[in-house]
Each structure stands twice: as C-alpha cells, then as structure tokens.
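Chemist: One structure follows; several queries about it will come next.
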Amino acid sequence: LEARLEQAGVLKKVVDAIKDLVQDCNFDCNDSGIALQAMDNSHVALVSMLLKSEGFSPYRLDRNVALGVNLTSLTKVLRCAQNEDILTLKAEDAPDTLSLVFENAENDRISEYEIKLMDIDQEHLGIPETEYAAAISMPSAEFQRICRDLNQLSESVAIEASKEGVKFSCSGDIGSGSVTLRQHNNVDRPELSTKIELTEPVALTFSLKYLVNFCKASALSSVVTLSLSNEVPLLVEYAMGSGFVRFYLAPKIGE
Amino acid sequence: VTGQGSINSYFFKK
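Taken in order, these protein sequences are the chains called A and B. Numbering follows the working numbering, with no gaps: position 71 of the first sequence is 71. Numbering follows the working numbering, with no gaps: position 11 of the second sequence is 266.
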C-alpha cells in the first residue's frame with residue numbers, strides 16, 4: 001500500500017472522531033479505499049468509515065490488506081503531524097508495521113514514523129439497505145450543542161420527527177428539557193439549513209452518552225445527517241469530500 | 256426507558 005493524502009488533518013480528524021468509541025480495529029485497504037468497521041465494547045454502537053481511493057493521490061495497492069491498528073498508538077503518531085502536512089501511508093503485503101510519512105508543504109521537512117500492527121479478528125456486520133422514515137440534515141455544531149445540553153439533564157434523549165419538525169427531549173432528576181427544530185433553508189449558507197425528509201413520523205429514544213461521543217466527528221463536516229426509522233438503529237452520518245464517517249446506534253427499548 | 260438494545264441484533268453477521 002502507498003496512499004498519499006494532501007492534508008494529514010483529514011486522518012487526524014477521522015481518528016479523533018472514533019478513538020473514544022473503538023480501541024483496536026482493522027483498516028481494510030482495497031480498491032475502493034481505506035475502510036473501517038467496528039463496534040464499541042458494549043455492542044451498542046457501530047462505526048463505519050470510508051476514505052475513498054479518489055481522496056488519495058496516488059493510491060497504489062497491490063493486494064487487499066487489513067491493517068490492525070491500535071487507535072491510541074495511531075493518535076500518538078498523528079499528533080506528530082501538522083494538519084497541513086502531506087501524509088503518506090505505506091505498508092508491505094503482509095505487514096508488521098504501518099509507515100507514516102509527514103511532509104510540510106514547503107517540502108523541507110520529512111518526518112517518518114512506524115507503528116506496530118496487530119492481528120485483529122474482527123467480525124464484520126452486514127448493514128441492511130434501509131429506507132429510513134425520516135432523514136434530518138442540520139448543522140453539526142447545532143446537533144453537538146443539543147446533545148451536550150440535554151446530556152446535562154438526562155442520560156437519554158427522545159427524538160421525534162414529524163412534519164412540524166424534529167424534537168429532541170429529555171427528562172431527568174433535576175427536570176426536563178427539549179429543543180425543537182423546524183425546517184428552514186439558508187440560501188446564503190446552505191450548511192446552516194435544517195432539512196427534514198419524512199415519509200412517516202418517527203419517535204425513538206437513544207443514549208446521549210453515545211451521541212455526545214459521535215459528535216466528536218463534527219470537525220469533519222459542518223453538516224450532519226440523522227436517519228431514523230422506528231425500531232432500527234439511528235444512523236448519524238458525517239460526509240467528507242471523499243468519504244464518510246457513519247455511526248449506528250441501537251435504540252433504547254421497552255419504554 | 257428500561258433497556259438498551261444491542262447493535263448485533265439489527266445487523267447480520269457476514
């Protein structure tokens with residue numbers, strides 16, 4: 001594998017977004033790019049990430065390879081890169097190590113690091129194609145604020161989507177709270193719009209601890225999309241220019 | 256709210 005990324009910051013943000021949810025995981029390298037799928041330890045959430053091969057220049061791969069990486073170790077090495085550095089990932093066919101090279105734009109500094117890889121026997125889950133009953137896109141910063149605010153009052157949030165809007169509500173020992181967003185279109189700054197596509201009303205309850213954790217991906221995209229259907233996991237998606245980070249969260253049950 | 260579902264019960268093993 002040899003994959004060169006113009007901005008090391010992209011990988012830094014991706015790893016920052018998922019490192020508190022999963023510790024050890026395989027980066028699966030194939031023709032479509034570098035992908036990752038992992039569940040958290042408690043098997044409540046699943047993260048799915050893809051950095052498409054088009055996002056790298058060049059992207060060269062002789063045969064598919066799974067790079068078993070400890071994300072804490074990778075974070076330590078990525079801290080040694082500037083966001084604007086050019087990052088090149090290199091690995092042999094049956095690798096023991098992953099090589100990371102950081103070069104500044106002026107091309108007068110080259111940093112070379114290696115991290116040890118591990119064998120990770122990870123089960124891959126098939127995610128069924130789902131026609132979601134509701135898809136809500138909104139500013140990622142706003143979603144982050146709502147999750148953090150409500151998490152002060154409660155450990156779970158009810159998300160209700162209807163044609164009137166989307167309502168996030170919670171109640172806890174000290175009281176209760178809710179935030180309702182109505183659809184609106186910001187013509188000048190579309191990333192600040194809230195869009196609600198609805199085929200039928202949805203009401204589900206989720207753990208806020210996980211949602212707050214997902215919001216660490218907010219640096220990746222100014223827009224987040226929430227996709228919901230009754231009785232299936234919530235999909236929280238951060239799209240990047242050439243890839244995505246998706247989080248799936250199992251709903252609370254037995255209300 | 257009484258319980259937390261697990262993600263494996265929604266997605267199938269490959």
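Backbone N, C-alpha and C fix where the C-beta goes; we use that ideal spot for every residue, glycine too. Quantities reported herein were computed from a predicted structural model and do not represent experimental measurements.
(1) Which residue spans inside the region 31-63 of chain A form an unbroken beta strand (DSSP E) run of at least 3?
(2) Should phenylalanine 267 of chain B go down as buried or exposed, given a rule of 16 or more other Cβ atoms within 10 Å for buried?
(3) Compute the Euclidean distance between the alpha carbons of valine 77 of chain A and leucine 100 of chain A, then round it to the nearest angstrom.
(4) Which residues, taken in chain order from the region 119-132 of chain A, show a beta carbon closer than 8 Å to some beta carbon of chain C?
(5) Taking C-beta to C-beta, are leucine 1 of chain A and alanine 91 of chain A nearer than 8 Å?
(6) For a test of the three-state rule: what should DSSP assign to glutamine 82 of chain A, helix, strand or coil?
(7) For the structure I just gave you, are there three or more beta carbon pairs, one from the region 221-228 of chain A and one from the region 132-150 of chain A, closer than 8 Å?
(8) Can you find a CB in chain B that lies within less than 8 Å of the CB of valine 22 of chain A?
(9) Going along the region 28-62 of chain A in order, which residues come within less than 8 Å of chain B, judged by CB to CB distance?
(10) Is the beta carbon of leucine 150 of chain A sitting closer than 8 Å to the one on valine 166 of chain A?
(11) If you draw a straight line from the C-alpha of glutamate 131 of chain A to the C-alpha of alanine 250 of chain A, how long is it?
(12) Where does proline 273 of chain A sit, in a helix, a strand or coil, going by DSSP?
(13) Taking 8 Å as the CB-CB cut-off, is glycine 254 of chain A touching chain B?
Modeler: Once the coordinates are examined:
(1) Those beta strand (DSSP E) runs which fall completely within the region 31-63 of chain A and span 3+ residues are 33-39 and 45-52.
(2) Taking the second sequence and counting its residues from 1, the one referred to as residue 267 of chain B is at position 12. That one is exposed.
(3) On the first sequence, residue 77 of chain A is found 77 positions in, with the first residue counted as 1. On the first sequence, residue 100 of chain A is found 100 positions in, with the first residue counted as 1. When only Cα atoms are considered, valine 77 of chain A and leucine 100 of chain A end up about 8 Å apart.
(4) Included in the structure are the protein chains A and B, with no chain C among them.
(5) To locate residue 1 of chain A, count along the first sequence from 1; it is residue 1. To locate residue 91 of chain A, count along the first sequence from 1; it is residue 91. Yes, these two residues count as a Cβ contact at 8 Å.
(6) Locating residue 82 of chain A in the first sequence gives position 82, counting from the first residue. Looking at glutamine 82 of chain A - three-state DSSP - the assignment turns out to be coil, as it is neither helix nor strand.
(7) Because the criterion of three Cβ pairs below 8 Å is met, the region 221-228 of chain A and the region 132-150 of chain A touch.
(8) The residue you call residue 22 of chain A lines up with position 22 of the first sequence. No - not a single Cβ of chain B is within 8 Å of the one on valine 22 of chain A.
(9) Residues passing the 8 Å Cβ filter: Met39, Ser42, His43, Val44, Ala45 and Leu46.
(10) Residue mapping note: residue 150 of chain A aligns to position 150 of the first sequence, counting from 1. Residue mapping note: residue 166 of chain A aligns to position 166 of the first sequence, counting from 1. It is not a contact, given that the beta carbons lie outside the stated cut-off.
(11) Within the first sequence, numbered from 1, the residue matching residue 131 of chain A stands at position 131. Within the first sequence, numbered from 1, the residue matching residue 250 of chain A stands at position 250. Between glutamate 131 of chain A and alanine 250 of chain A, the C-alpha separation is close to 17 Å.
(12) Only positions 1 to 255 of chain A appear in this structure, which leaves residue 273 of chain A out of reach.
(13) Along the first sequence, one-based indexing puts residue 254 of chain A at 254. For glycine 254 of chain A, at least one C-beta of chain B is nearer than 8 Å to its own C-beta.
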